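Scroll down for the structure; my scribbles are underneath it.
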Ligand SMILES: Nc1nc2c(c(=O)[nH]1)N[C@H]1C(S)=C(S)[C@@H](COP(=O)(O)OP(=O)(O)OC[C@H]3O[C@@H](n4cnc5c(=O)[nH]c(N)nc54)[C@H](O)[C@@H]3O)O[C@H]1N2
Ligand SMILES: Nc1nc2c(c(=O)[nH]1)N[C@H]1C(S)=C(S)[C@@H](COP(=O)(O)OP(=O)(O)OC[C@H]3O[C@@H](n4cnc5c(=O)[nH]c(N)nc54)[C@H](O)[C@@H]3O)O[C@H]1N2
Ligand code: SF4
Ligand SMILES: [Mo]
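Have a look at this one:
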């Protein structure tokens with residue numbers, strides 16, 4: 023494509039909560055973004071953006087885009103607002119937050135955010151400074167990956183980096199373990215295909231025949247939550263047949279002998295009973311895994327969404343230590359690559375600004391509980407998240423957000439079901455309108471996002487909104503006035519000069535991790551004992567106990583969590599929300615294809631059209647995608663069935679729950 027005289031091209035990147043952090047170029051014509059394309063030179067993006075982001079201009083110019091501050095006019099949740107000036111909106115916010123502090127103390131103000139944008143500036147800089155200076159409650163942000171992340175961190179110390187995904191084409195056996203990467207980590211998949219071209223086998227371990235399972239050479243369709251049992255059964259075979267790497271276990275690991283004894287407690291018959299798999303499959307997988315060199319395991323967040331998620335990760339992650347897969351380039355495992363990037367410590371969010379004696383923390387998974395009338399939260403400031411849809415225990419969350427005495431501020435780009443409950447909505451910019459910088463949880467590149475256009479309407483970047491809020495509340499510490507450029511430079515100060523130079527020249531730069539060869543893998547973790555957990559990888563014989571079917575709510579190919587659900591282009595591609603079940607369960611419940619079904623448990627109910635799908639394992643139900651509540655016939659999505667329970671490690675949400683299936687109506 024030739025550039026016209028009045029066109030400019032601006033380099034940036036995708037902000038979404040996705041491991042790929044793609045680099046893009048935006049074409050701007052007379053101040054309007056006309057085209058976005060993935061950058062060819064970026065080794066991971068390789069010139070290709072996913073379907074969701076190929077038309078990012080849809081987000082910038084969406085009809086529901088919020089372009090002025092809004093003050094609530096109708097009932098909470100009714101989306102009825104009056105546009106006001108920034109000065110008027112800031113007055114209302116000042117009064118509302120002051121009232122909450124007068125009534126409950128400063129920790130009566132709760133920030134609620136996640137990774138609507140993953141940018142360091144727009145998700146974890148001025149916002150943190152503002153809430154610290156205010157003395158607000160802290161939010162524990164573990165909803166997504168904390169159990170698996172902790173499982174990884176308690177097994178492999180910080181000097182032990184996850185496998186570089188660019189080395190995966192060397193592997194001879196690749197396992198997509200509880201990850202639907204064809205949808206969720208799209209830019210890892212070509213590296214697996216490159217490995218397959220050189221003779222590798224692709225195995226997918228998933229209760230659902232996902233897009234990735236369908237595209238793999240071998241689908242191991244285990245029961246949800248039984249990954250630990252499978253891994254221990256495999257280790258039983260590996261140790262029993264002498265396929266372990268004894269010297270690696272002795273030299274690079276703590277607890278090898280204890281793990282061998284633990285694996286001896288898991289003969290294949292026991293693993294078979296727990297996983298629902300055939301004994302031959304467990305044995306065959308164990309041998310193939312142990313004998314392939316290099317072998318690589320990618321674990322996704324999807325495999326840790328149950329009560330024992332952390333332990334399940336520890337068990338699977340022990341496999342590459344048992345076989346010594348870490349010795350080989352391209353071998354090993356990948357949970358996330360966050361550890362590769364230097365840590366900015368307290369430089370961005372400045373906890374030193376916090377007034378003494380203002381300590382309270384709230385787990386984001388338990389928002390419903392935190393918003394109960396007696397729980398001492400009088401104001402909530404929500405940004406980069408849509409808790410009305412994505413937070414467990416929807417009924418309780420919505421009851422809390424509807425409280426008359428709760429003052430709610432929402433920083434949003436678009437009118438979400440959460441923003442609909444706000445007293446004041448402040449218009450936020452999209453990625454094309456602000457500066458930011460990104461590390462990645464999938465690859466090893468740090469990426470710069472330059473703004474392509476000026477903020478639309480009266481929107482402002484989160485950083486600027488928090489500067490304005492600080493000013494309105496009379497918070498005058500100097501760090502609350504830092505410009506975005508200063509924040510960027512503060513963050514980049516932790517990188518070596520060559521990385522910074524490459525980043526400014528090319529828009530992205532690869533980071534080399536610091537490797538500590540002396541660090542050992544902790545197959546026995548004493549920290550686990552401190553948490554009251556088994557120090558060795560363990561598993562249950564009955565993985566998800568309870569009555570009813572096991573409900574899974576994995577990611578949609580066409581949405582990014584609850585983002586893009588209000589985009590016509592993506593809705594058309596996604597179809598409609600359904601309750602997908604196996605034929606046997608449909609027969610049991612007396613449901614035919616297309617009939618209205620209801621799932622019910624102590625938290626709530628979800629209704630939807632039945633789809634009988636042979637990709638779904640009997641005993642499980644699949645509710646694909648974070649559809650908005652209003653998209654389902656009963657007005658509630660998957661999180662009406664979840665309840666705020668936390669995983670064994672890290673305080674992530676237990677999103678895999680049980681519910682009874684019945685005919686609706
Ligand atoms: N298209 C798209 N991409 C996304 C997202 C999105 O919403 N849409 N979201 C992003 C985010 S925030 C995240 S966290 C990642 C998530 O990335 P993934 O982990 O790949 O996503 P999920 O779909 O949640 O889960 C993956 C698979 O795990 C399976 N699974 C469920 N329970 C178990 C279990 O107990 N054991 C095993 N082995 N498998 C299990 C599910 O059936 C599902 O197919 O994706 C990111 N990328
Ligand atoms: N049942 C069930 N529940 C789940 C999951 C599941 O698999 N099943 N997945 C869980 C996981 S893994 C995750 S990560 C969470 C995700 O939950 P969230 O992080 O809440 O993700 P989104 O639903 O995409 O909401 C992000 C919001 O941020 C807004 N946003 C984007 N950029 C900006 C910005 O620059 N400024 C401001 N102010 N706003 C912005 C978007 O418009 C959007 O409304 O959901 C969790 N909930
Ligand atoms: S959502 Fe993921 S795959 Fe899609 S453009 Fe963004 S980073 Fe790339
Ligand atoms: Mo996530």
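Residue numbers (my numbering): 23 to 687. Glycine included, C-beta positions come from ideal geometry on N, C-alpha and C. Model, not experiment: these values are computed from the prediction.
Query raised in the report: Hey, how far is the Cα of residue 452 from the Cα of residue 221?
Result: Per the coordinates, the alpha-carbon of residue 452 lies some 43 Å from the alpha-carbon of residue 221.
Report task. May I ask you to verify whether the segment 570-589 touches the segment 634-643, counting CB pairs closer than 8 Å and requiring at least 3? Result -> The answer is yes - the segment 634-643 touches the segment 570-589, with three or more Cβ pairs under 8 Å.
Query raised in the report: Using DSSP with H/G/I as helix, E/B as strand and the rest coil, what is residue 640?
Result: Three-state DSSP puts residue 640 in coil, outside helix and strand.
**Report entry** Separation of residue 523 from residue 285, as counted between CA atoms
**Finding:** Rounded to the nearest whole angstrom, the CA to CA distance from residue 285 to residue 523 is 49 Å.
Query raised in the report: Straight-line CA distance for residue 67 to residue 206?
Result: Rounded to whole angstroms, residue 67 to residue 206 spans 14 Å at the Cα level.
Query raised in the report: What does the shell around ligand 3 hold, if a residue joins when its beta-carbon is under 5 Å from any heavy atom?
Result: Ordered along the chain, the selected set is 36, 38, 40, 42, 44, 71, 72, 75 and 208.
Query raised in the report: DSSP on residue 498, reduced to helix/strand/coil?
Result: Residue 498: coil per DSSP, three-state reduction.
Report task. Return helix, strand or coil for residue 317, following the three-state DSSP convention. Result -> In the three-state DSSP reduction, residue 317 falls in the strand class (E or B).
Requested in this report: Could you tell me how far apart the beta carbons of residue 338 and residue 319 are, in whole angstroms, since I believe they sit closer than 8 Å?
Outcome: That pair is a contact at about 7 Å.
Query - Opposing strand residues paired with residue 680 [DSSP bridges] - result: BP columns for residue 680 point to 572.
Query - Near ligand 1: residue 368 beta-carbon under 6 Å from a heavy atom - result: Checking the Cβ of residue 368 against ligand 1 gives no.
Report task. Assign residue 405 to buried or exposed, taking buried as 16 or more other Cβ atoms, counted over all protein chains shown, within 10 Å of its Cβ. Result -> Here residue 405 is buried. Its C-beta has 16 or more other C-beta atoms within 10 Å.
Report task. Could you check if residue 546 is buried or exposed, using at least 16 other CB atoms within 10 Å of its CB as the buried criterion? Result -> By the neighbour-count rule (16 or more Cβ atoms within 10 Å), residue 546 is buried.
**Report entry** Residue closest to residue 505, alpha-carbon to alpha-carbon, out of 268, 113, 37 and 151
**Finding:** Considering only 268, 113, 37 and 151, the residue with the shortest C-alpha distance to residue 505 is 151.
Query raised in the report: What are the uninterrupted segments assigned as alpha helix (DSSP H) that are 4 or more residues long and contained completely in the segment 582-621, given in chain order?
Result: Annotation note: the segment 582-621 contains the following uninterrupted alpha helix (DSSP H) runs of length 4 or greater, listed N- to C-terminal: 590-596 and 605-611.
Requested in this report: Identify which residue in 548, 279, 108 and 420 has its Cα closest to the Cα of residue 650.
Outcome: Comparing Cα-Cα distances from residue 650 to each of 548, 279, 108 and 420, the minimum goes to 420.
**Report entry** One or two residues paired with residue 46 in a DSSP bridge
**Finding:** Answer by DSSP bridge pairing, in chain order: 34 and 60.
Query raised in the report: How is residue 577 classed by DSSP in three states: helix, strand or coil?
Result: Three-state DSSP puts residue 577 in coil, outside helix and strand.
Query - Test item: CB-CB of residue 481 and residue 449 under 7 Å - result: Yes, these two residues count as a Cβ contact at 7 Å.
Query raised in the report: How many whole angstroms separate the CB atoms of residue 676 and residue 533, which I take to be in contact at a CB cut-off of 8 Å?
Result: Taking the Cβ atoms as the reference, residue 676 lies roughly 34 Å from residue 533, outside the contact range of under 8 Å.
Report task. Report all residues from its chain with a CB closer than 6 Å to the CB of residue 336; omit the five preceding and five following residues, and keep chain order. Result -> Cβ within range, chain order: 173, 177 and 559.
Report task. Please report the Cβ distance between residue 5 and residue 588, rounded to the nearest whole angstrom; I am assuming they are in contact, meaning their Cβ atoms lie under 8 Å. Result -> This structure leaves residue 5 out entirely; the chain is present only between 23 and 687.
Query raised in the report: Using DSSP with H/G/I as helix, E/B as strand and the rest coil, what is residue 530?
Result: Here DSSP, grouped into helix, strand and coil, assigns residue 530 to strand.
**Report entry** For residue 615 and residue 632, believed in contact at Cβ under 8 Å, the rounded distance
**Finding:** With 8 Å as the limit, residue 632 and residue 615 qualify as a contact, their Cβ atoms being about 6 Å apart.
Query raised in the report: Roughly how many angstroms lie between the CA atoms of residue 365 and residue 413, to the nearest whole one?
Result: Going by the C-alpha atoms only, they are around 28 Å apart.
Requested in this report: Might you give, ordered along the chain, the residues of its own chain that have their beta carbon closer than 7 Å to the beta carbon of residue 143, omitting 5 neighbours on each side?
Outcome: Within its own chain, the residues whose Cβ lies closer than 7 Å to the Cβ of residue 143, once the five positions on either side in sequence are excluded, are 457, 458, 459, 485, 506, 509 and 510, listed in chain order.
Query - beta-carbon residue 297 near ligand 5 non-hydrogen atom, thresh 6 Å - result: Ligands present in the displayed structure are limited to ligand 1, ligand 2, ligand 3 and ligand 4, and ligand 5 is not among them.
Query raised in the report: In its own chain, which residues sit with a C-beta less than 6 Å from the C-beta of residue 369, not counting the 5 before and 5 after it?
Result: 512, listed in sequence order.
Query raised in the report: From residue 634 to residue 50, what distance separates their C-alpha atoms?
Result: If I take the Cα positions, the gap works out to 46 Å.
Query - Nearest-angstrom Cα separation, counted from residue 474 out to residue 596 - result: When rounded, the distance between both Cα atoms is 29 Å.
Query raised in the report: Is residue 459 helix, strand or coil when you go by DSSP?
Result: In the structure shown, residue 459 sits in a strand (DSSP, three-state: E or B).
Query - residue 90 beta carbon near ligand 2 (any heavy atom closer than 6 Å) - result: Incorrect: residue 90 has no Cβ contact closer than 6 Å to ligand 2.
Query raised in the report: Quick one: is the Cβ of residue 232 within less than 6 Å of any heavy atom of ligand 1?
Result: Flag set: Cβ of residue 232 near ligand 1.
Report task. Let me know the secondary structure DSSP gives residue 412 once reduced to three states. Result -> Here residue 412 sits in helix by DSSP.
Requested in this report: Quickly, what does DSSP pair residue 131 with across the bridge? List them, please.
Outcome: According to DSSP, which records beta bridges pairwise, residue 131 is partnered with 401.
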